[in-house]
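Structure, as structure tokens:
Protein chains: 2
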Amino acid sequence: MTDRQSFRNAMSHLAGAVNVVTAQGAQGPMGCTVSAACSVTDEPPTLLVCISRASRSHAAFTGSGALCLNVLSAAQQHIAQRFADSSATSAERFALAQWDTLATGSPVLRHALASFDCQITGAMEVGTHTVFTCSVRAVRMHDGEDGLVYFSRAYHRLPVSTAQEA
Amino acid sequence: MTDRQSFRNAMSHLAGAVNVVTAQGAQGPMGCTVSAACSVTDEPPTLLVCISRASRSHAAFTGSGALCLNVLSAAQQHIAQRFADSSATSAERFALAQWDTLATGSPVLRHALASFDCQITGAMEVGTHTVFTCSVRAVRMHDGEDGLVYFSRAYHRLPVSTAQEA
Chain A
1 MTDRQSFRNA MSHLAGAVNV VTAQGAQGPM GCTVSAACSV TDEPPTLLVC
51 ISRASRSHAA FTGSGALCLN VLSAAQQHIA QRFADSSATS AERFALAQWD
101 TLATGSPVLR HALASFDCQI TGAMEVGTHT VFTCSVRAVR MHDGEDGLVY
151 FSRAYHRLPV STAQEA
Chain B
167 MTDRQSFRNA MSHLAGAVNV VTAQGAQGPM GCTVSAACSV TDEPPTLLVC
217 ISRASRSHAA FTGSGALCLN VLSAAQQHIA QRFADSSATS AERFALAQWD
267 TLATGSPVLR HALASFDCQI TGAMEVGTHT VFTCSVRAVR MHDGEDGLVY
317 FSRAYHRLPV STAQEA
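One line per chain: the protein sequences are A and B, in this order. Numbering follows our numbering, with no gaps: position 152 of the first sequence is 152. Numbering follows our numbering, with no gaps: position 165 of the second sequence is 331.
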């Protein structure tokens, strides 16, 4: 087994999109910043999100059985930082932006690069985290914005103009 | 349920690191290019990789019970393209670079940004894909290289100098 610090250092080399994952909780909207999310399959459209059981938002996901994965643009970095700030209340987090709903009632971030409104279809406990398997009920896209990734312990802007020949 | 094409279009907005996932198969080393991988928890160090069951490498992962997640640098984009080219044999894929072994015997890409040598501890079938839960046995890092991400259907270089204040 590798040690925790080596694992964390190596994981800082794995670039990831920056997302805010939201749900409608019993006391109102809840959400947190998450980078551990990925596509699983398009038959049927399914994605995964890994959430710490210590997160205040965790109960909203399990309670509502739904979540929305909102992929942030470079212009939304301040939203990522607010939703990652443990001293910020839910009201302070959601006040930063405008929100809509699509299929499940989970908050959908207006002008996100992409939003995936999902029903949770499975939950697997792994150590401190829950891996939620999510069936995608509705999507919304907002084209033409620069991407935002977290890499080497910092945010980076992804201008479309840096695209290299594939 | 959202349709497959809308899901794929929206997923093209989710930036992801570019990885080559390898294992020692019964007939020799096998591997494929994968972007659907993420950290799960550091207690104990665990990650997830999603692999199509149609992939030629799939049997090597299930057969060996191990895999190595190699995170590519910008200088290794040609390796991503070769491992994603279905017309390239395994010999042609592995001939492109130098490989070592660490804990499990899976091929470890020399000069990868980071390599996670893993024992597979769980496999969940979701549609066309298997989600492998992996316990990290050893890691290796190679610092100072630009990152490589796939976003908006193109490769992008992530120079460390584009870091924004977090």
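Here a beta-carbon is modelled for each residue, glycine too, at the ideal position from N, C-alpha and C.
Terminal residues of the beta strand (DSSP E) in which residue i lies
| i | result |
| --- | --- |
| H121(A) | The question names His, but residue 121(A) in the sequence shown is Thr. Note, T121(A): beta strand (DSSP E), A114 to V126. |
| G191(B) | N185 to G191 |
| G147(A) | G147 to F151 |
| G194(B) | G194 to V200 |
| M307(B) | H295 to M307 |
Proximal residues to residue i (C-beta, below 6 Å), its chain only, five neighbours per side dropped
| i | result |
| --- | --- |
| P125(A) | It is Glu, not Pro, that sits at residue 125(A) in the sequence shown. Within the same chain, E125(A) has no close Cβ partners at all. |
| A114(A) | V71 and M141 |
| F94(A) | P29 |
| T199(B) | V186, A246, F249 and A250 |
| L262(B) | I245 and R248 |
| G65(A) | I120 |
| V160(A) | none |
| I51(A) | H58 and T130 |
| E331(B) | In this prediction, E331(B) has a pLDDT of 47, which is less than 50 and means its spatial position is unreliable; what the coordinates show is noted afterwards. Same-chain partners within the cutoff: there are none. |
Proximal residues to residue i (C-beta, below 7 Å), its chain only, five neighbours per side dropped
| i | result |
| --- | --- |
| S178(B) | S318 and R319 |
Closest by C-alpha distance to residue i, when choosing among the options
| i | options | result |
| --- | --- | --- |
| V215(B) | E145(A), M1(A), C38(A) and A91(A) | C38(A) |
| M1(A) | Q190(B), Q193(B), A176(B) and E209(B) | E209(B) |
| V302(B) | I217(B), A192(B), L233(B) and A183(B) | L233(B) |
| D143(A) | G122(A), R157(A), F132(A) and H111(A) | H111(A) |
| Q171(B) | W99(A), R53(A) and V139(A) | V139(A) |
| F282(B) | T188(B), A176(B), F173(B) and R174(B) | T188(B) |
Partners in chain B for residue i, counting only beta-carbon separations shorter than 7 Å
| i | result |
| --- | --- |
| C68(A) | By Cβ distance, chain B contributes nothing, its closest Cβ being about 12 Å from C68(A), past 7 Å. |
| F151(A) | G313 and L324 |
| H13(A) | V237, L279, A280 and M307 |
| T41(A) | V292, G293, T294 and H295 |
| F7(A) | D208, P211, V302 and V305 |
| T2(A) | P211, V302, R303, A304 and V305 |
Same chain, Cβ closer than 8 Å to residue i, five either side skipped, listed in chain order
| i | result |
| --- | --- |
| S35(A) | G16, A17, V18, N19 and Y150 |
| L158(A) | A74, D146, G147, L148 and V149 |
Chain-ordered chain A contacts of residue i [CB-CB under 7 Å]
| i | result |
| --- | --- |
| T203(B) | The sequence as given places Ala at residue 203(B); Thr does not occur at that position. What A203(B) touches in chain A: C38. |
| A176(B) | A114, F116, V139 and M141 |
Limits of the unbroken alpha helix (DSSP H) element including residue i
| i | result |
| --- | --- |
| T228(B) | H224 to S230 |
Within 7 Å of chain B by C-beta, residues of the stretch 15-35 of chain A in sequence order
Per Cβ criterion, the list reads A15, G16 and A17.
Please identify, using Cβ separations under 9 Å, the residues of the stretch 103-118 of chain A that lie next to chain B, in order along the chain.
A103, A112, L113, A114, S115, F116 and D117
Give me the subset of the stretch 291-306 of chain B whose CB atoms are less than 8 Å from a CB atom of chain A, sorted by chain position.
V292, G293, T294, H295, V297, T299, S301, V302, R303, A304, V305 and R306
What are the residues of the stretch 241-263 of chain B that lie near chain A, defined by any Cβ-Cβ distance shorter than 8 Å?
Q243 and Q247
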